[in-house]
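The sequence shown begins at 222 in the numbering used here and counts up by one.
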Amino acid sequence: MSESRKAVIDVRSLVKVYPGGTRAVDGIDFSVQEGEFFGFLGPNGAGKSTALKVLSTLLKKTSGTVSVAGYDIDRQAEQIRRSVGVAMQTAGLDDLAKAHDFLTLQGRLYGLRSSEARARSAELLEFIGLANVAKKKIGTFSGGMRRRLDLVATLVHEPKVLFLDEPTTGLDPQSRNTLWDHLRRLNEEDGVTIILTTQMMDEADRLCERLAIIDRGKIVAEGSPRLLKEQIGGDVVTITISGPETAEEWETLNAKAQGLADGESYVSSTARVQEGIAVTVQNGGAAVPGLMRLLADNDVPVSNLSVASPTLDDVFLQYTGRTIRDEEAGGDEMNNTFRPLLGLSDGR
222 MSESRKAVID VRSLVKVYPG GTRAVDGIDF SVQEGEFFGF LGPNGAGKST ALKVLSTLLK
282 KTSGTVSVAG YDIDRQAEQI RRSVGVAMQT AGLDDLAKAH DFLTLQGRLY GLRSSEARAR
342 SAELLEFIGL ANVAKKKIGT FSGGMRRRLD LVATLVHEPK VLFLDEPTTG LDPQSRNTLW
402 DHLRRLNEED GVTIILTTQM MDEADRLCER LAIIDRGKIV AEGSPRLLKE QIGGDVVTIT
462 ISGPETAEEW ETLNAKAQGL ADGESYVSST ARVQEGIAVT VQNGGAAVPG LMRLLADNDV
522 PVSNLSVASP TLDDVFLQYT GRTIRDEEAG GDEMNNTFRP LLGLSDGR
């Protein structure tokens with residue numbers, strides 16, 4: 222990251238507490254540099270969506286200081302809104318409108334003259350690959366097309382900063398890759414600073430220059446995806462136990478396997494995961510024979526063993542004791558707070 226770049230977002234001791242006492246964001250500090258592609262990675266309910274909503278002025282913070290694009294969030298919220306684009310998880314589109322008309326209206330709402338708004342609409346539809354359906358109603362679009370249109374609707378006023386809340390959730394792989402390509406172009410060619418939230422490790426790995434891994438309202442790790450994975454310090458061996466007929470027997474065998482692995486000098490760390498146990502070692506190929514002998518000699522049957530380089534999920538596991546994959550989807554943290562107050566299920 223270039224030392225000459227200046228901070229376009231600066232956050233200090235940010236706290237957001239919802240009614241009922243849920244502390245969704247718990248005193249986080251971070252900054253984002255001009256032109257950077259920055260991500261919040263974490264499971265549902267971690268606090269990432271709440272943080273994004275505070276930064277984009279959609280929610281009021283409880284305490285802390287926040288500046289966005291050089292403006293103070295308490296005193297200059299209107300200036301921030303004119304400087305940023307925001308795309309939340311649910312696309313805000315008019316199904317009865319035609320794509321070109323919809324974007325033209327967005328331009329007019331941002332103060333563009335009619336001719337400017339029409340020209341900007343045509344430019345954005347060309348950029349996002351939807352020029353051929355400009356005159357079609359949005360209600361006929363596929364999910365991927367709708368998401369791309371929602372993205373460029375945030376760009377009508379040429380914002381300095383773009384906030385994206387889980388932009389590819391629910392998209393098929395082809396649509397996801399297409400949207401990733403457009404986001405990279407926005408960042409690399411147009412210099413737009415992008416801040417996104419995601420719970421998808423491959424999305425964070427491929428797009429983000431730098432990440433903040435967030436869990437239960439706190440930032441637990443921060444850095445580039447490469448450096449975060451290098452901090453794991455080796456390969457991850459995942460071991461699945463076979464044989465037990467009951468959950469109690471399975472738990473006992475896994476605990477025994479973890480204890481045995483913990484006692485080996487070549488093992489850096491162990492953790493329980495959904496599949497069984499994850500063992501971090503310096504050299505997976507060299508460690509596997511010894512691990513297999515160790516478990517066999519102690520009557521621990523193994524049904525599956527795999528070796529892989531560390532992933533961002535392994536980074537999350539190291540800092541929190543569990544994996545992002547183990548977390549159940551339950552909507553964002555604001556919805557999870559208010560649904561029980563309305564007598565509704567929290568979806569978990």
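Don't be surprised by glycine CBs; every beta carbon is placed ideally from N, CA and C.
Given the structure is predicted, the values throughout are model-derived calculations rather than measurements.
Answer with buried or exposed for residue i, where buried requires no fewer than 16 other C-beta atoms within 10 angstroms of its C-beta.
| i | result |
| --- | --- |
| glutamate 472 | exposed |
| asparagine 475 | buried |
| proline 510 | exposed |
| lysine 282 | buried |
| glutamine 420 | buried |
| glycine 454 | exposed |
| glutamine 503 | exposed |
| serine 270 | buried |
| aspartate 371 | buried |
| arginine 397 | buried |
| proline 240 | exposed |
| asparagine 519 | exposed |
| threonine 467 | exposed |
| aspartate 393 | exposed |
| serine 342 | buried |
| aspartate 402 | exposed |
| leucine 512 | buried |
| glutamate 424 | buried |
| valine 232 | buried |
| methionine 438 | Note that residue 438 corresponds to glycine in the displayed sequence, not to methionine. Counting Cβ neighbours within 10 Å, glycine 438 comes out buried, since at least 16 surround it. |
| glutamine 395 | exposed |
| leucine 330 | exposed |
| glycine 306 | buried |
Whose C-beta lies closer than 6 Å to the C-beta of residue i among residues of the same chain, with five residues either side of it excluded?
| i | result |
| --- | --- |
| alanine 550 | The pLDDT assigned to alanine 550 is 43, lower than 50, so where the model puts this residue is not dependable; a value taken from the coordinates is nonetheless given after this. Same-chain partners within the cutoff: Asn265. |
| leucine 565 | Since pLDDT at leucine 565 reaches only 44, below the 50 mark, its modelled position is unreliable, and the value read off the structure follows with that caveat. Cβ neighbours of leucine 565 beyond the five flanking positions: none. |
| isoleucine 249 | Leu235 and Ile440 |
With distances taken from CA atoms, which of the options is nearest residue i?
| i | options | result |
| --- | --- | --- |
| arginine 367 | Lys450, Ile349, Pro380 and His378 | Ile349 |
| glycine 313 | Lys356, Leu385, Gln395 and Gly268 | Leu385 |
| methionine 309 | Val373, Val528 and Lys357 | Val373 |
| aspartate 436 | Asp247, Asp231, Lys227 and Val229 | Asp247 |
| arginine 302 | Phe537, Leu512, Glu379 and Gly464 | Glu379 |
| valine 457 | Leu404, Arg493 and Asp231 | Arg493 |
| glutamate 451 | Leu407, Thr532 and Leu400 | Thr532 |
| glycine 506 | Asp520, Ala320 and Val528 | Val528 |
| glutamate 430 | Ala468, Leu449, Gly332 and Ser490 | Leu449 |
| lysine 319 | Val289, Asn353 and Gly291 | Asn353 |
| histidine 321 | Lys356, Ile230 and Val253 | Lys356 |
| glutamine 495 | Gly484, Glu424, Ala508 and Ile545 | Ile545 |
| aspartate 316 | Ala433, Leu481 and Lys358 | Lys358 |
| threonine 325 | Leu376, Ser284, Thr278 and Thr361 | Leu376 |
| lysine 351 | Arg369, Asp402 and Pro465 | One detail in the question is off: residue 351 reads as leucine in this sequence, not lysine. Looking at the Cα atoms, Arg369 is the closest of the given residues. |
| arginine 296 | Thr278, Val305 and Ser363 | Thr278 |
| glycine 464 | Met513, Ile440, Leu432 and Ser524 | Ser524 |
| glycine 268 | Arg427, Glu387, Ser530 and Ser490 | Glu387 |
| glycine 364 | Gly391, Gln327 and Ala340 | Gly391 |
| serine 445 | Val536, Gly360 and Gly480 | Val536 |
| tyrosine 292 | Arg427, Ala338, Tyr540 and Ala228 | Ala228 |
| leucine 404 | Leu345, Val289, Ser486 and Arg514 | Leu345 |
| glutamate 409 | Leu428, Met422 and Thr418 | Leu428 |
| arginine 514 | Glu485, Leu538 and Tyr540 | Glu485 |
Within a Cβ cutoff of 8 Å, which residues of the same chain sit near residue i, ignoring the five residues on either side of it in sequence?
| i | result |
| --- | --- |
| valine 275 | Leu235, Lys237, Val246, Lys281, Lys282, Val287 and Ile294 |
| isoleucine 416 | Ile230, Val253, Phe259, Gly260, Phe261, Leu273, Leu276, Val382, Leu383, Phe384 and Leu385 |
| valine 488 | Ala482, Val500, Thr501, Val502 and Ala508 |
| serine 223 | With a pLDDT of 46 at serine 223, under the threshold of 50, the predicted position of this residue should be treated as unreliable, and no value is reported. |
| threonine 399 | Gly350, Gly365 and Arg369 |
Could you pull the DSSP bridge partners for residue i from this structure?
| i | result |
| --- | --- |
| isoleucine 460 | Ile498 and Leu526 |
| serine 252 | Asp231 |
| glycine 444 | Leu432 |
| phenylalanine 384 | Val307 and Ile416 |
| leucine 262 | Thr419 and Ile434 |
| arginine 369 | Per DSSP, none; premise fails for arginine 369. |
| lysine 439 | Asp436 |
| arginine 244 | Val238 |
| lysine 170 | In the structure as shown, the chain begins at 222 and stops at 569. Residue 170 is therefore absent and cannot be evaluated. |
Ignore the nearest five residues each way along the sequence and tell me which others in residue i's own chain have a CB closer than 7 Å to its CB.
| i | result |
| --- | --- |
| alanine 478 | Ile460, Ile462, Ile498, Leu516 and Val521 |
| glycine 542 | Ala492 |
| glycine 256 | Arg226, Gly412 and Thr414 |
| serine 530 | Asp456 |
| alanine 433 | Phe251, Phe261, Ile440 and Glu443 |
Return no unless some Cβ of chain D is closer than 7 Å to the Cβ of residue i.
| i | result |
| --- | --- |
| tryptophan 401 | The structure shown contains no chain D; it holds only a single protein chain. |
Length-filtered (3 minimum) beta strand (DSSP E) runs lying within the region 484-538: Listed in chain order, the complete beta strand (DSSP E) runs (minimum 3 residues) inside the region 484-538 are 488-493, 498-502 and 523-529.
Within the region 300-352, ranges of the beta strand (DSSP E) (whole runs, at least 3 residues): 305-308
Alpha helix (DSSP H) runs contained entirely in the region 391-434, provided each spans 4 or more residues: 394-409 and 422-428
Within the region 269-304, ranges of the beta strand (DSSP E) (whole runs, at least 3 residues): 284-289
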